[in-house]
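Here the structure is laid out as structure tokens; the discussion comes afterwards.
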Amino acid sequence: MVIKKNKTSLLNSAILLLVILIAVGYAGNYLSYPFGFGVDFLFGSIAVLIAVSLYGIWWGALASLIASSYTIILWQHPYALIIFVCETLFVGWRIRQGKKSLLTNDVIFWLCVGIPLVLVFYGYILQVGVVTTAIIALKQPVNGIFNALIASLVLNYKPIHRWANSPPNKATLFFEQILLNLLVAFLLIPALILMVVNNNAAIEHEQEALIATLDTSAQNLVTDLRRWHQSGLEALRFLAKPVAKAKL
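Note that my numbering gives residue 46 to position 31 of the sequence shown, counting from 1, and the numbers run on in steps of one.
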């Protein structure tokens with residue numbers, strides 16, 4: 016009886032954790048960080064990658080489908096959702112094949128599958144332009160790998176495997192993975208900070224250029240209005256002269 020209650024409790028905690036991960040994944044995409052120029056930094060795949068690591072490929076795919084559905088609202092197209100679901104399926108498949116390093120699996124996906132999909136969807140189908148496609152092809156892999164890094168660090172917390180009723184072999188973390196996580200963190204975090212700083216500088220430059228353009232346009236408009244007003248006054252004076260002479 017005690018064993019049965021323990022199993023029921025573990026099952027309930029596993030279901031609850033999965034629901035929480037799906038909700039957090041959706042919220043992570045909803046609370047995205049806007050880089051400007053139509054590019055947003057998403058956080059939803061952190062929870063999704065944790066889900067696929069703990070629950071397997073199909074539950075992970077479901078979590079990805081639900082969490083990534085917000086990108087249709089955000090960007091008005093389904094192609095980001097397709098890419099993110101493919102990311103989850105690829106990572107889940109690699110884990111099933113015995114490749115346990117979440118971070119390595121995600122890096123391989125973006126290099127071999129993710130970037131080509133971005134080029135096809137954004138460059139060929141959506142035709143957003145070469146510069147925008149290049150920005151997205153850089154941003155999405157960095158975003159995905161950063162999220163995989165955070166997910167890997169969260170998975171270091173052993174109790175989460177117990178809450179998910181995860182088999183012991185899935186909870187094993189190799190020393191090499193820890194070193195890889197730290198190495199990527201040291202490389203990726205400064206790059207992200209630099210990206211944010213440069214992006215903010217670019218946005219400020221664009222805003223200043225836009226303000227200068229609007230100011231010039233406003234000055235030209237004022238000048239044109241003054242000329243039109245002056246021309247109107249001169250025309251009225253010209254028309255008023257015959258009337259004044261007739262009265263005299």
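Don't be surprised by glycine CBs; every beta carbon is placed ideally from N, CA and C. These figures come from a predicted structure and were not determined experimentally.
What is the C-beta distance between residue i and residue j, in whole angstroms, given that I count them as a contact (C-beta under 8 angstroms)?
i, j, result
"Ile14", "Leu170", "An answer regarding residue 14 cannot be provided, because it is not within the stretch 16 to 263 covered by the chain."
Measure the alpha-carbon distance for residue i versus residue j and round it to whole angstroms.
i, j, result
"Leu164", "Gln155", "14 angstroms"
"Tyr70", "Thr231", "59 angstroms"
"Asn120", "Glu219", "37 angstroms"
"Leu202", "Val211", "15 angstroms"
"Glu249", "Trp243", "10 angstroms"
"Gln234", "Glu223", "16 angstroms"
"Gln91", "Ile97", "13 angstroms"
"Ser167", "Ile140", "33 angstroms"
"Gly75", "Tyr137", "25 angstroms"
"Trp73", "Leu104", "8 angstroms"
"Val54", "Gly247", "49 angstroms"
"Tyr41", "Tyr94", "17 angstroms"
"Val133", "Cys101", "12 angstroms"
"Arg111", "Val39", "24 angstroms"
"Ser79", "Ser28", "20 angstroms"
"Leu31", "Asn180", "11 angstroms"
"Leu229", "Asp239", "15 angstroms"
"Glu172", "Arg109", "Checking the displayed sequence, the identity of residue 172 turns out to be Tyr instead of Glu. Near 22 angstroms, if we compare the C-alpha coordinates of Arg109 and Tyr172."
"Leu33", "Val146", "38 angstroms"
"Gly59", "Ala227", "38 angstroms"
"Val128", "Val237", "55 angstroms"
"Asn162", "Leu225", "34 angstroms"
"Leu149", "Gln192", "Reading off the sequence, residue 149 comes out as Ala, not Leu. Cα to Cα, the separation comes out at about 30 angstroms."
"Leu209", "Phe124", "24 angstroms"
"Gly144", "Lys115", "37 angstroms"
"Gln142", "Pro174", "46 angstroms"
"Leu89", "Gln245", "50 angstroms"
"Gly43", "Arg177", "24 angstroms"
"Gly113", "Val135", "30 angstroms"
"Ile204", "Ile35", "27 angstroms"
Is there a Cβ of chain B sitting closer than 9 angstroms to that of residue i, yes or no?
i, result
"Trp125", "Absent from the structure: chain B. Only one protein chain is present."
Between the options, which has its C-alpha nearest residue i's C-alpha?
i, options, result
"Leu77", "Phe124, Phe161, Asn196, Val63", "Val63"
"Leu126", "Ile160, Leu57, Pro174, Thr147", "Ile160"
"Asn196", "Leu209, Leu117, Leu225", "Leu117"
"Leu57", "Val67, Tyr85, Val199", "Tyr85"
"Ile130", "Asn158, Lys115, Thr238", "Asn158"
"Ala206", "Ser181, Leu153, Ile226", "Leu153"
"Gly107", "Val143, Gly144, Ser68", "Ser68"
"Ile87", "Pro49, Phe50, Tyr45", "Tyr45"
"Pro49", "Trp178, Ile151, Gln245", "Ile151"
"Phe99", "Lys115, Gly113, Lys114, Ile61", "Ile61"
"Ser83", "Gly113, Ser47, Trp178", "Ser47"
"Val199", "Val122, Ile35, Gly43", "Val122"
query: Counting only runs that start and end within the segment 38 to 93, where is the alpha helix (DSSP H) found for 4 or more residues in a row?
result: 59 to 70, 72 to 83, 85 to 90
field: 4-residue-minimum alpha helix (DSSP H) runs that sit fully inside the segment 128 to 203, ordered along the chain
entry: 130 to 133, 145 to 170, 174 to 178
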